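Peer 1:
Residue numbers (UniProt numbering): 1 to 393.
Spelled out as structure tokens, the structure:
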């Protein structure tokens, strides 16, 4: 029976089946183990000529640092990922990670033998813990942790299972808030939407996030008999409303009281008042440097660029480089080496219909560009720079 997990010597009760996270998407998403190389990333290096420098804007460089720090640590792709968000003042960057791993195993009621293949890694910028395990039983045990006992004291935590690799997310809007997750799942996760794996509402809003198998978000989804437009999900940059910094959220903020006392708009201490006794604030965005508070809806760096969009852009650049190299090879073949004559463009060769070969190549190139643009729009469902895609959170 699909979606059912059998554990030897133990019955799964209904409470274990209704756990937080993308639990139901795990059964059909398990892949064959893949070997991970410790030297990954060498294929993406670029050889730049000596003395050449690329000048980047401070906002772009800062956002790239935040984006890189917000990614999950490098862990085996075939394992299940669990995110643990500690609440209170627990700072994972200063805590003993070995002790935290032992505390997590104790809170999940797992023995040392059961956690022998698990991996616990901290994300110091987001102030979270990431656990990777190949066992479903361990993943469900970790996702049920609600309190963590450490040498620094007891801390409340929220744990959930992350979405599997090889999936993407879309959003649908204007959905009745009275519909719970169970009703939404029955409406969307069915044979009429074969790629839909899981459904979840964003808090108490009218926006619903759908997890799809593969790297393509459909333009529409079927909700019973209704055809609802679906847009690419674009995750917001984490902004802390306690200290005003980027990279983490307020529920896991471990900043000092001095940092939390600063104004979120200008970054100055709230105690600094003018002669009238009112704090004069000139807001400045920490992400783009614009005259607005950090994380405002008008900020152009408010959301991360989705991975599927980054991958598509990378493939376009590779295709452009390959086409440029192919064009250079054709030029070298047209002009033999060692010739002292000035190279001239060869005359057009007329075809049977009287049309030149150059004209045919131009028409074919334009047709290919139109086809490529239509494929991009059909994959994204929306231009990634449109306002609706920016609000797809």
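Here a beta-carbon is modelled for each residue, glycine too, at the ideal position from N, C-alpha and C. Treat the numbers as computed from the prediction; the structure is a model and nothing was measured.
1. Can you name the start and end residues of the alpha helix (DSSP H) that residue 185 belongs to?
2. Can you tell me which of 202, 86, 199, 312 puts its alpha carbon nearest to the alpha carbon of residue 396?
3. For residue 127 and residue 239, which I take to be in contact (beta-carbon distance under 8 Å), what is that distance rounded to the nearest angstrom?
4. Could you work out which residue in 207, 123, 211 is closest to residue 178 when comparing CA atoms only?
5. When the Cα atoms are used, what is the spatial distance from residue 135 to residue 213?
6. On the criterion of 16 or more Cβ atoms from any shown chain inside 10 Å, does residue 93 qualify as buried, or is it exposed?
7. Near residue 131, what residues of its chain come up, given a Cβ to Cβ distance below 6 Å and the 5 sequence neighbours on each side ignored?
8. Compute the distance between the beta-carbons of residue 175 and residue 221, then report whether it is under 8 Å.
9. Roughly how many angstroms separate the alpha carbons of residue 90 and residue 155, rounded to a whole number?
10. Count the other C-beta atoms from every protein chain shown that fall within 10 angstroms of the C-beta of residue 191, then say buried if there are 16 or more, exposed otherwise.
11. Consult DSSP for residue 136 and reduce its assignment to one of helix, strand or coil.
12. Apart from the five residues just before and just after residue 112, which ones in its own chain have a Cβ nearer than 8 Å to its Cβ?
13. So the alpha helix (DSSP H) residue 154 belongs to, where does it begin and stop?
14. Can you check DSSP and say which residues form a bridge with residue 131?
15. Within 10 angstroms of the Cβ of residue 138, are there 16 or more other Cβ atoms? Answer buried if so, exposed if not.
16. Mapping the DSSP letters down to three states, classify residue 215 as helix, strand or coil.
17. Can you say whether residue 205 is buried or exposed, counting buried as having 16 or more other CB atoms within 10 angstroms of its CB?
18. When the Cα of residue 159 is compared with those of 77, 84, 243, 288, which residue comes out closest?
19. What does the Cβ neighbour count give for residue 198, buried or exposed, with the cut at 16 atoms within 10 Å?
20. Could you spell out where the alpha helix (DSSP H) holding residue 101 opens and where it closes?
21. Look up residue 317 in the DSSP assignment and say whether it is helix, strand or coil.
22. Using 8 Å for Cβ pairs, my map puts residue 210 next to residue 223. What's the rounded Cβ distance?
Peer 2: The structure says:
1. First-last of the alpha helix (DSSP H) with residue 185: 181-188.
2. Nothing about residue 396 can be read from this structure; the chain reaches only from 1 to 393.
3. The C-beta separation of residue 127 from residue 239 comes to about 14 Å, leaving the pair out of contact by the 8 Å criterion.
4. Nearest neighbour of residue 178 by Cα position, chosen from 207, 123, 211, turns out to be 207.
5. The alpha-carbon atoms of residue 135 and residue 213 are separated by roughly 21 Å.
6. Residue 93 is classed as exposed because its beta carbon has fewer than 16 other beta carbons within 10 Å across all chains shown.
7. The residues 82, 120, 142, in chain order, have a CB closer than 6 Å to that of residue 131 in the same chain once the five nearest residues on each side in sequence are set aside.
8. Not closer than 8 Å, so no.
9. Cα-Cα distance, rounded: 7 Å.
10. Of the residues assessed, residue 191 falls on the exposed side of the cut-off, its CB having fewer than 16 other CB atoms within 10 angstroms.
11. Reduced to three states, the DSSP call for residue 136 is helix.
12. The residues are 105.
13. Taken as a continuous stretch (DSSP letters only), residue 154 belongs to no alpha helix (DSSP H), being part of the beta strand (DSSP E) at 153-161.
14. Residue 131 is bridged by DSSP to 82, 120.
15. Per the 10 Å Cβ criterion, buried.
16. Note: residue 215 maps to coil in three-state DSSP.
17. Here residue 205 is exposed: its Cβ has fewer than 16 other Cβ atoms, across all protein chains shown, within 10 Å.
18. Of the listed residues, the one whose Cα sits closest to residue 159 is 84.
19. Flag for residue 198 reads buried.
20. Start and end: 97-107.
21. Helix.
22. Not confirmed; about 10 Å, so no contact.
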